[in-house]
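Colleague: Once you know that position 84 of the sequence shown is 83 in numbering that gives the first Met the number 0, the rest is easy, because the numbers rise by one and skip nothing.
Every residue, glycine too, gets a C-beta built ideally from N, C-alpha and C.
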Amino acid sequence: MVREISAGGVVVRPAAAGWQMAAIEPQKEPSGSAPAAKKQSRKVILALPKGLVDAGEKPQQTALREVFEETGLTAISITKLADIKYVYVRSWGDQQRVFKIVSFYLLRYQSGEIDKIAPAMRIEVRRALWIPLDEAVRKLAYRGERDAVRRAQEYLKSHPEI
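1) Can you give me the Cβ contacts of residue 133 inside the same chain, cut-off strictly under 7 Å, excluding the 5 residues immediately before and after it?
2) Based on DSSP bridge pairs, tell me the residues matched to residue 73.
3) With residue 148 as the anchor, note down where its alpha helix (DSSP H) starts and where it stops.
4) Answer yes or no: do residue 20 and residue 148 have a C-beta to C-beta separation smaller than 8 Å?
5) Rounding to the nearest angstrom, what Cα-Cα distance links residue 89 and residue 24 in this structure?
6) Would you kindly work out how many angstroms separate the C-alpha atoms of residue 123 and residue 27, rounded to a whole number?
7) So what does DSSP say about residue 160, is it helix, strand or coil?
8) Below 8 Å, how does it come out for the stretch 80-97 and the stretch 59-67: are there three or more Cβ pairs, yes or no?
9) Hey, could you find the ends of the alpha helix (DSSP H) residue 138 is sitting in?
10) Beta carbon of residue 150, beta carbon of residue 81: below 8 Å?
11) Mind checking whether residue 22 and residue 128 have CB atoms under 8 Å apart?
12) Around the C-beta of residue 160, are 16 or more other C-beta atoms found within 10 angstroms, so that it is buried, or is it exposed?
13) Classify residue 104: buried if its beta carbon has 16 or more other beta carbons within 10 angstroms, exposed otherwise.
14) For a quick check, are the C-beta atoms of residue 83 and residue 143 less than 8 Å apart?
This is how it looks when you write it as structure tokens:
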């Protein structure tokens, strides 16, 4: 079984109504022909920014890099939240089963404009947006990412100085 190691971040910033979190809508290939794809209603999938750890890179560095590449934001690392482990089958190429570990970090927004990303990233990211942190668990598509957000919420509640 192939192994993949990735890292990503729960990027938060304070707002008048409470914490906000950066989320991405991944770019998905439409199924079928173009006319048929236009007729289908598209379900919005929201996820956390994440990606593969490059050679010589530490997971925390990967999380910061991926957040910048996929959202346009720079952030500072606060703490590691979790390692999420799962198996998936590649839907492209070799159709192999992959054992994946994703390390998620709690990151605090520092600068940048959400969704101001390089045009080349649009093959991966349809858009990046701020959502209320209180709504993130309900809106994120993947269980492991929802668990990471729950841990971020707990951390922020127990560390009000952040």
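Modeller: Checking against the coordinates, here is how it stands:
1) Here residue 133 is taken as the residue at index 134 of the sequence shown, counted from 1. The answer, listed in chain order, is 17.
2) By 1-based counting over the sequence shown, the position of residue 73 is 74. Answer is 110, bridged to residue 73.
3) Counting from one through the sequence shown, the residue named residue 148 turns up at place 149. Segment 142-157, the alpha helix (DSSP H) holding residue 148.
4) Within the sequence shown, numbered from 1, the residue matching residue 20 stands at position 21. Within the sequence shown, numbered from 1, the residue matching residue 148 stands at position 149. Yes, the Cβ-Cβ distance between residue 20 and residue 148 is below 8 Å.
5) Working through the sequence shown from its first residue, we reach residue 89 at position 90. Working through the sequence shown from its first residue, we reach residue 24 at position 25. Taking the straight line from one Cα to the other gives about 19 Å.
6) Here residue 123 corresponds to residue number 124 of the sequence shown, with the count starting at 1. Here residue 27 corresponds to residue number 28 of the sequence shown, with the count starting at 1. Computed Cα separation, rounded: 8 Å.
7) The residue you call residue 160 lines up with position 161 of the sequence shown. Correct three-state label for residue 160: coil.
8) no
9) Here residue 138 refers to the residue found at position 139 when the sequence shown is read from its first residue. Residue 138 -> alpha helix (DSSP H) spans 132-138.
10) Within the sequence shown, residue 150 is the residue found at index 151, counting from 1. Within the sequence shown, residue 81 is the residue found at index 82, counting from 1. Going by C-beta atoms, residue 150 is nearer than 8 Å to residue 81.
11) In the sequence shown, counting from the first residue as 1, residue 22 sits at position 23. In the sequence shown, counting from the first residue as 1, residue 128 sits at position 129. Their beta carbons are under 8 Å apart, which means residue 22 touches residue 128 by this criterion.
12) Here residue 160 is taken as the residue at index 161 of the sequence shown, counted from 1. When all chains shown are included, residue 160 counts as exposed.
13) Locating residue 104 in the sequence shown gives position 105, where the first residue counts as 1. Buried, by the Cβ-count rule.
14) The sequence position of residue 83 within the sequence shown is 84, counting from 1. The sequence position of residue 143 within the sequence shown is 144, counting from 1. The answer is yes: Cβ separation under 8 Å.
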